[in-house]
Every structure is written in structure tokens, then in C-alpha cells.
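> Structure below; questions to follow.
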Amino acid sequence: MLPKPERLTKTDFVGLRPRIIFRGTFVDIAVVSSEKSRFACVIAKKRIKKAVERNRVKRKIYHIIRDNKPKSPYLVIIYPKITALSGNSTHIKEEIIQAFATL
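Letter 41 of the sequence shown, counting from 1, is numbered 24 in our numbering, and no numbers are missing.
Pasting the structure below:
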């Protein structure tokens, strides 16, 4: 899990108009420029039904973010796809690093 100051809160989502900058095999990433980097991982119940699986994917993604944060400050929202369940952590990591490189 990320430290609390690095996580997006519910109030941060109000009025936020992120633009999708990356669509990959495992994740879609939306970004808004900001003065401080903050992150969120949002998984809809429609995509992944079981809470255990949703939490497993979130843990994988937060671990990847913790080790590979973008250089510039952004509000980053990551939307995992159902393929992230079967995907290897290294493949997901490569995809997220590639997306952060395009920022």
C-alpha cells in the first residue's frame, strides 16, 4: 500500500477530469498534472467480480507504483483490466513503466 499522502482521496475525484493517456493490455492510465504526485487504482465490480481478486490486483499495482514513480508530479489513476488477473507482475510492471515514460 502507498503512504496516505501519496493516495488520491474521494474528495480529489470530485471535479477531476483526467484524460486517458495510455491504453495497454493490462491497464488504462489517466493523468492530470498537479503540484504533487498522488495515485489511485480503481477496479469496477463489473470487470473483476471477486473482492479477493480485486485486492490482489491492487496490491500488485501499488507495489509497482511504489518502486517506479514518475519524475514529474501528476495525479495518476490506474484502471486495471481483467487481463491483469492472469498477467504476470513483470508484464504489468513493464506496461506501467512504459506509460510513465510517456508522461
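Backbone N, C-alpha and C define an ideal beta-carbon position, used for all residues, glycine too. Just so it is clear, the structure is predicted and the values come from calculations on it, not from any experiment.
Would Tyr62 pass as a contact of Met(-16) if the rule is Cβ separation under 8 Å?
no
> Beta carbon of Lys76, beta carbon of Val10: below 8 Å?
no
> Can you have a look at Lys43 and say buried or exposed, based on whether 16 or more other CB atoms are within 10 angstroms of its CB?
buried
> At what residues does the alpha helix (DSSP H) containing Val35 begin and finish?
34 to 50
> Kindly indicate which three-state DSSP category Leu(-15) falls into: helix, strand or coil?
Reduced to three states, the DSSP call for Leu(-15) is coil.
> Could you give the C-beta distance for Ile79 and Asn38, rounded to a whole number, given that I count them as a contact under 8 Å?
Not quite, the Cβ-Cβ distance comes to about 18 Å (not below 8 Å), so this is no contact.
> I want to see whether chain D comes within less than 8 Å of Leu86, judged by CB atoms only; does it?
Annotation note: the requested chain D is absent from the structure, which comprises a single protein chain.
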